[in-house]
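>
Protein chains: 2
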Amino acid sequence: MSHRVADALGYKDMDNISAASSRHNSENLPYVHKVGVPPKQNLLKEIAGTLKETFFADDPLRQFKDQPRSRKLVLVFQALFPIFEWGRNYSLSKFKGDLIAGLTIASLCIPQDIGYAKLANLDPQYGLYSSFVPPLIYAFMGSSRDIAIGPVAVVSLLLGTLLQNEIDPSENPVDYLRLAFTATFFAGITQFTLGFFRLGFLIDFLSHAAIVGFMAGAAITIALQQLKGLLGIKKFTKKTDIVSVMRSVWSAAHHGWNWETILIGMSFLAFLLVAKYIGKKKKKLFWVPAIAPLISVVLSTFFVYITRADKHGVQIVKHIRRGINPSSLNEIFFSGEYLAKGFRIGVLAGMIALTEAVAIGRTFASMKDYQLDGNKEMVALGTMNVVGSMTSCYVATGSFSRSAVNYMAGCNTAVSNIVMSSVVLLTLELITPLFKYTPNAILASIIISAVISLVDIEAMTLIWKVDKFDFVACMGAFFGVVFSSVEIGLLIAVSISFAKILLQVTRPRTAVLGKIPRTTVYRNILQYPAATKVPGILIVRVDSAIYFSNSNYVKERILRWLADEEEQLKESSRPGVQYLIVEMSPVTDIDTSGIHAMEELFRSLEKRDVKLVLANPGPAVVDKLHASKFHEMIGEDRIFLTVEDAIVTCAPKMDLEP
Amino acid sequence: MSHRVADALGYKDMDNISAASSRHNSENLPYVHKVGVPPKQNLLKEIAGTLKETFFADDPLRQFKDQPRSRKLVLVFQALFPIFEWGRNYSLSKFKGDLIAGLTIASLCIPQDIGYAKLANLDPQYGLYSSFVPPLIYAFMGSSRDIAIGPVAVVSLLLGTLLQNEIDPSENPVDYLRLAFTATFFAGITQFTLGFFRLGFLIDFLSHAAIVGFMAGAAITIALQQLKGLLGIKKFTKKTDIVSVMRSVWSAAHHGWNWETILIGMSFLAFLLVAKYIGKKKKKLFWVPAIAPLISVVLSTFFVYITRADKHGVQIVKHIRRGINPSSLNEIFFSGEYLAKGFRIGVLAGMIALTEAVAIGRTFASMKDYQLDGNKEMVALGTMNVVGSMTSCYVATGSFSRSAVNYMAGCNTAVSNIVMSSVVLLTLELITPLFKYTPNAILASIIISAVISLVDIEAMTLIWKVDKFDFVACMGAFFGVVFSSVEIGLLIAVSISFAKILLQVTRPRTAVLGKIPRTTVYRNILQYPAATKVPGILIVRVDSAIYFSNSNYVKERILRWLADEEEQLKESSRPGVQYLIVEMSPVTDIDTSGIHAMEELFRSLEKRDVKLVLANPGPAVVDKLHASKFHEMIGEDRIFLTVEDAIVTCAPKMDLEP
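As given, the protein sequences belong to chains A and B, one line each in that order. When you number the first sequence by UniProt numbering, it's gap-free, plus one each residue, and the end is 658. When you number the second sequence by UniProt numbering, it's gap-free, plus one each residue, and the end is 658.
And the structure:
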């Protein structure tokens with residue numbers, strides 16, 4: 001067995017290798033490999049390759065290859081509506097899991113929806129509407145099996161804040177509602193467009209760290225907003241920053257707090273948190289926190305109804321419109337000044353909603369190990385929100401907490417969303433009037449207990465440990481949201497993320513290499529203190545493609561390494577550097593600016609009597625070195641396959657007398 | 001000698017190496033090197049290191065190290081005013097070169113200045129003013145020895161276009177002039193600020209290719225604008241795009257062209273172009289094109305004066321104000337609506353001026369091999385423009401054509417700028433009235449012959465050969481300027497440059513590696529067709545730091561390589577992949593998103609019974625793998641120094657029966 005492997009590895013040639021390498025020593029006739037020049041590519045092919053790698057990196061058309069036309073049509077249809085693919089293998093046993101999961105998330109989403117609608121300054125029924133139509137559409141078009149669709153806290157808050165900046169919901173509720181639908185429409189269009197044009201990778205520009213910070217900040221902000229309902233305060237600030245909110249809370253302390261409200265709110269909050277704790281400790285009891293909100297609502301509503309606590313200042317929901325979603329197609333602003341505003345708000349809310357949904361989809365897909373086409377997901381989410389905007393829904397997306405419950409309750413397919421949607425339908429048709437006496441304080445407690453898990457201390461600790469720069473982004477987004485506003489937090493998050501990218505491309509790392517004793521391997525001497533420098537030769541590795549954004553830096557950094565080295569050598573009066581080997585393995589590409597920088601480096605070195613040598617340039621680089629005739633400038637014999645080859649060739653030519 | 005080298009290289013241990021490697025074969029006890037874990041760095045030190053590399057990459061404070069305080073003060077002063085450093089070694093022989101160079105560029109700049117001022121819709125004397133004060137300031141503060149300071153064509157055009165969009169210069173010349181000074185002031189402030197805060201690297205974001213295209217487009221646009229003067233057209237469009245200009249030219253053909261003007265203009269244009277050609281063919285005759293413009297001006301002015309051609313419709317300069325720069329401090333808008341506009345225009349013009357000056361400075365510094373601190377240059381240029389804005393100058397910067405003449409005429413230091421400045425002073429004081437009869441057509445020919453060399457066909461060809469994407473950027477900028485406007489061209493150039501950066505960070509290259517026969521080296525199988533894959537093992541190299549912007553892509557790309565490989569193996573019914581080695585040499589850094597992606601990759605592979613192995617992670621990566629405990633997840637024994645080590649360890653454990 002081991003013999004077979006050795007054979008396959010080519011170890012039979014082992015003796016030849018030793019022979020070849022020992023020849024270096026004895027006869028000074030090194031055996032040097034040629035650097036491969038890749039076959040010249042057709043220009044169109046090259047461009048097509050780049051485009052494919054950029055927009056179709058996941059090769060979504062793979063299954064369409066070599067299929068007859070009729071089959072292709074079926075595949076396209078199935079790609080658009082995955083339900084017709086997995087639906088064919090759907091079975092009763094799968095439905096059992098989906099039914100239980102669907103009922104569980106329905107019990108969780110109904111009270112949450114009512115509360116989230118308030119966050120967006122909308123009447124409670126709009127929350128329920130958004131848990132009816134969008135999940136249905138998603139079930140037909142989406143490919144995630146575990147995501148639970150509906151309104152979510154962060155998007156509701158973002159939408160509420162942005163809409164409120166344009167129209168005061170208490171002064172002009174009709175236009176406010178219309179603007180909300182307009183924003184939802186454009187959120188859907190944005191999501192659809194990004195997916196359709198396969199630009200989904202754009203959401204990757206919001207870094208994980210920034211999202212963690214943003215979510216935590218939004219959670220704190222949302223929780224603070226709930227103090228209004230929880231303490232029964234009537235006059236409350238419209239700002240969301242912590243300073244304004246706390247000032248509002250304290251100034252209401254003397255006359256505005258309502259002890260009955262506080263009593264109800266606090267006791268049920270405690271109940272919810274205990275239920276959450278139980279669910280966290282015993283994974284089997286995940287249903288305890290899942291149904292706790294509904295129990296709280298039922299109990300507290302009953303309690304208020306019996307004691308008529310609403311006469312004592314306990315604020316209640318009062319009215320929820322009965323019946324299913326009315327059409328809202330005519331309410332969307334397709335012209336006028338609000339069109340542009342709705343568009344702007346929609347794009348922002350759509351992107352954030354997308355980020356959340358895609359993150360959830362990916363998480364669960366990787367847990368159950370199935371593939372998820374991010375761009376197809378976006379098309380599904382976009383369609384769902386466009387249809388939603390025409391049926392009185394506001395922006396819906398995947399909810400983290402409900403998706404987790406869905407997963408744990410054993411959902412198998414998107415049918416659990418259909419089940420949930422049906423329960424919401426029944427609720428809308430039959431029992432909305434019963435919510436009349438539900439105290440607002442309960443909704444506040446439910447929201448607080450829901451968002452509290454968005455503050456992911458564990459993730460923050462890990463970020464701190466792993467990458468300090470990421471932590472800055474995380475905290476920047478967090479404090480931006482908490483102390484200023486959601487938009488500012490988001491702006492900070494995006495800016496820091498971009499700054500990191502720019503830093504990466506302008507200041508790539510470089511390293512001086514040394515030989516690891518008893519090998520032919522050259523490594524960063526800072527990482528491997530045992531690695532030794534080769535006298536008279538400086539080996540520098542450049543750790544990035546050399547592009548216009550960094551070409552000048554790379555050139556100057558290499559010259560600085562050389563200057564440092566020369567200084568050290570001078571101090572110990574050893575002979576100077578005669579060869580500068582640039583290890584180019586990590587240099588995947590070079591552009592015209594990069595070539596210019598290399599030429600300048602070459603000239604600068606020539607003036608100092610140092611010879612430039614390149615080791616292991618990659619295919620794209622070799623190609624461009626040839627195109628620009630740089631290989632003729634430095635000499636073809638100065639380009640080697642490995643650093644070792646370069647050293648073996650250069651070392652004997654050196655004059656090491658000081 | 002060769003023995004000494006071999007000794008130094010550690011080749012004495014050669015036998016040991018062969019022994020160690022043959023052991024792999026015979027005894028299955030491979031000698032594997034440990035991956036180095038860099039010493040844990042202090043947090044503050046780490047941050048300081050990053051900041052230093054970002055903002056002080058060129059180590060500008062090196063000379064301040066270990067110096068007494070008084071010496072430091074002197075050094076700071078010398079750093080601010082390099083003239084006091086090089087001035088101490090200044091000699092008569094150096095002055096000779098500077099004098100000749102200064103006189104040559106003065107003769108070139110005077111006619112150009114008058115023409116360029118017209119491009120910016122300013123009276124001719126403002127061009128001369130801008131060649132008097134700024135070069136003086138620069139001579140004291142700048143560190144380039146070859147740059148020639150003054151107004152330049154592209155910036156004049158840009159400024160003229162942008163200012164004209166705000167104020168009509170023929171209707172409201174006073175406010176127009178004031179806005180020009182305001183823009184100049186803020187251009188200087190922008191340049192100073194960028195330099196002072198060491199943000200100079202920001203201008204590197206405009207790629208070389210984009211600049212080539214932009215400059216060529218601007219040159220064409222400027223040349224087209226000169227048709228007005230050259231053909232003696234009175235009614236001319238204010239737009240700069242080629243379509244509007246040509247329509248304007250044709251519609252004037254019947255009545256607006258003036259044959260005397262055309263005769264003068266064309267014959268002198270021919271003279272200038274011949275002179276230019278001579279200068280290009282024989283480097284020694286560089287002074288021919290340098291003094292040709294002044295000769296043309298003198299000859300044509302004399303000719304017009306004699307023949308009174310101005311009575312026959314030949315347009316002349318008419319009036320240039322005599323005397324040196326008046327103060328313009330009170331003319332700058334420090335408040336009001338024009339403040340913001342001036343600021344915006346100034347930032348744009350300042351950045352473009354900076355790009356040109358820094359490019360020139362770097363080119364000549366690398367030709368004469370001296371160091372240039374880009375950020376210090378920016379401070380000098382900024383100060384010069386701020387002072388300029390207070391002394392009736394508009395934005396000045398380094399001129400490519402005049403700097404080249406300066407260099408070829410043998411300038412040694414910035415004293416040539418002082419000489420030029422003095423000549424301009426004399427001109428202003430004494431001979432401006434003589435320019436009265438200079439025909440505008442001559443200025444047009446001078447400008448055309450000056451800007452024509454900005455169309456760098458050679459550079460464009462090279463860009464086409466080296467990098468197709470760069471060529472798109474180049475052409476985008478070119479056509480943007482020619483067919484639309486300078487701003488649009490600039491916008492296109494910047495957008496394409498950024499798109500390239502984003503592409504680079506979201507879609508890094510990956511490659512499947514194979515073993516190059518008779519070595520222990522593993523290389524891209526596409527580049528080295530001779531490289532062979534190792535059965536049961538897939539080796540993938542990731543060619544970039546793994547950050548949030550690409551982590552998901554990298555993960556999915558690796559899985560796709562695996563899927564492709566498995567498919568191929570299945571077709572030929574060979575055993576599947578059991579080990580996936582990720583060669584991480586080029587992965588210089590990883591962030592939390594990257595770690596997550598690696599964890600997901602690990603889990604996906606586990607489900608497929610493929611073992612994940614890492615080869616040669618760099619210091620930053622090793623650090624973060626440890627911080628996130630990822631090394632415990634995959635097992636410390638799955639991280640190797642080289643791919644060869646990994647294979648030698650994994651191969652014997654494999655079960656290769658299908």
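All C-beta atoms, glycine included, are put in the ideal place defined by N, C-alpha and C.
Closer than 7 Å by C-beta to N16 of chain B: which residues in its own chain qualify, once you throw out the five before and the five after it? Chain order, please.
Here N16 of chain B scores only 38 on pLDDT, less than 50, and its place in the model should not be relied on; the value that follows carries that caveat. Within the same chain, N16 of chain B has no close Cβ partners at all.
> Considering only residues of the stretch 225 to 295 of chain B, which uninterrupted alpha helix (DSSP H) runs meet the minimum length of 4 residues and lie entirely inside it, listed in chain order?
Entirely contained in the stretch 225 to 295 of chain B, the alpha helix (DSSP H) runs reaching 4 residues are, in chain order, 227 to 231, 242 to 251, 259 to 281.
> For the stretch 559 to 588 of chain A, which residues have a beta carbon sitting closer than 8 Å to at least one beta carbon of chain B?
Those residues of the stretch 559 to 588 of chain A that come within reach of chain B (Cβ to Cβ, closer than 8 Å) are R560, S585, P586, T588.
> Helix, strand or coil for L513 of chain B? Go by DSSP, reduced to three states.
Three-state result, L513 of chain B: strand.
> Based on Cα-Cα distance, which residue from B:P517, B:S445, B:V288 lies nearest to A531 of chain B?
Considering only alpha carbons, the answer is B:P517.
> By the DSSP assignment, the beta strand (DSSP E) with I360 of chain B in it spans what residues?
Run containing I360 of chain B: none in the beta strand (DSSP E); it sits in the alpha helix (DSSP H), 337 to 368.
> Return the residue from the list A:K465, A:P433, A:A396 that minimises the CA-CA distance to V298 of chain A.
If we check each option's Cα against that of V298 of chain A, A:P433 comes out closest.
> Taking the alpha carbon of F95 of chain A as the point to measure from, which residue in A:W561, A:E599, A:T413, A:V534 has its own alpha carbon closest?
That would be A:T413, whose Cα lies nearest to the Cα of F95 of chain A.
> DSSP three-state label for N524 of chain A, please.
In this structure, N524 of chain A counts as strand in the three-state DSSP scheme.
> Whole angstroms is fine: what's the gap from L354 of chain A's alpha carbon to G398 of chain A's?
Going from the Cα of L354 of chain A to the Cα of G398 of chain A covers about 8 Å.
> Do you know how far the Cα of L177 of chain B is from the Cα of T261 of chain B?
Whole-angstrom Cα-Cα distance: 29 Å.
> Would you grab the beta carbon distance between M141 of chain A and T383 of chain A for me? Rounded to a whole angstrom, and I think it's under 8 Å.
Contact holds; Cβ gap of about 6 Å.
> Quick one: what's got a C-beta closer than 7 Å to V621 of chain A's C-beta in the same chain, skipping five residues either side?
Once the five neighbours on either side are set aside, the close Cβ partners of V621 of chain A are M584, V587, D589, I590.
> Just verifying my parser: in three-state terms, what is the DSSP assignment at I167 of chain B?
Coil at I167 of chain B, not helix or strand.
> Quick check: is the beta carbon of V419 of chain B nearer than 8 Å to any beta carbon in chain A?
Taking Cβ atoms only, chain A never reaches closer than 8 Å to V419 of chain B, which makes this a no.
> For chain A, find out if any of its Cβ atoms is closer than 8 Å to the Cβ of V466 of chain B; answer yes or no.
Closer than 8 Å to some Cβ of chain A, the Cβ of V466 of chain B qualifies, so yes.
> Relative to chain A, which residues along the stretch 505 to 533 of chain B have a C-beta separation below 9 Å, given in chain order?
Here the close residues are V505, T506, R507, P508, R509, A511, K515, I516, P517, R518, T519, T520, V521, R523, N524, L526, Q527, Y528, P529, A530, A531, T532.
> Is L580 of chain B helix, strand or coil by DSSP?
Strand, per DSSP.
> Counting only C-beta atoms, is A545 of chain A closer than 8 Å to chain B at any point?
Cβ-Cβ to chain B under 8 Å: yes for A545 of chain A.
> Within a Cβ cutoff of 6 Å, which residues of the same chain sit near S544 of chain B, ignoring the five residues on either side of it in sequence?
If we look at S544 of chain B and ignore the five residues flanking it on each side, its Cβ neighbours are P508.
> Going along chain B in order, which residues have a C-beta closer than 9 Å to the C-beta of D591 of chain A?
The contacting residues are S207, H208, A209, I463, V466, D467, F469, D470, K500.
> With H, G and I counted as helix, E and B as strand and the rest as coil, what does DSSP make of K318 of chain B?
Of the three classes helix, strand and coil, the one that applies to K318 of chain B here is coil, per DSSP.
> Residue range of the alpha helix (DSSP H) that K72 of chain B falls in?
Start and end: 69 to 80.
> Whole alpha helix (DSSP H) runs in the UniProt domain "STAS" (527 to 650) of chain A with 4 or more residues, listed along the chain?
Here the runs fully enclosed are 551 to 571, 592 to 607, 619 to 627, 630 to 634, 643 to 650.
> With distances taken from CA atoms, which of A:M420, A:F56, A:L157, A:K234 is nearest Y138 of chain A?
Checked all of A:M420, A:F56, A:L157, A:K234; the closest Cα to Y138 of chain A is A:M420.
> In chain A, which residues lie with their C-beta within 9 Å of the C-beta of S604 of chain B?
Here the neighbours are S366, D369.
> Any contact of the stretch 445 to 454 of chain B with the stretch 178 to 189 of chain B, i.e. 3+ C-beta pairs under 8 Å?
No: fewer than three Cβ pairs fall under 8 Å.
> Would DSSP call I149 of chain A helix, strand or coil?
I149 of chain A falls in the strand class under three-state DSSP.
> How about V613 of chain A and Y579 of chain A: are their beta carbons less than 8 Å apart?
Going by C-beta atoms, V613 of chain A is nearer than 8 Å to Y579 of chain A.
> Where does P68 of chain B land, buried or exposed, given buried means 16+ other C-beta within 10 angstroms?
Looking at its Cβ environment, which holds fewer than 16 other Cβ atoms inside 10 Å, P68 of chain B is exposed.
> Taking the continuous alpha helix (DSSP H) assigned at F181 of chain B, which residues delimit it?
Unbroken alpha helix (DSSP H) run through F181 of chain B: 173 to 196.
> Consult DSSP for T438 of chain A and reduce its assignment to one of helix, strand or coil.
In this structure, T438 of chain A counts as coil in the three-state DSSP scheme.
> In chain A, what lies closer than 8 Å to H255 of chain B by C-beta?
What H255 of chain B touches in chain A: nothing, since even the nearest Cβ is about 46 Å away.
> For G398 of chain B, does the three-state DSSP call read helix, strand or coil?
G398 of chain B: strand per DSSP, three-state reduction.
> I47 of chain B versus chain A: which residues are under 7 Å apart at the beta carbon?
The answer, in chain order, is K468.
> Measuring CB to CB, does V133 of chain B end up less than 8 Å from C411 of chain B?
Not in contact: V133 of chain B and C411 of chain B (Cβ atoms no closer than 8 Å).
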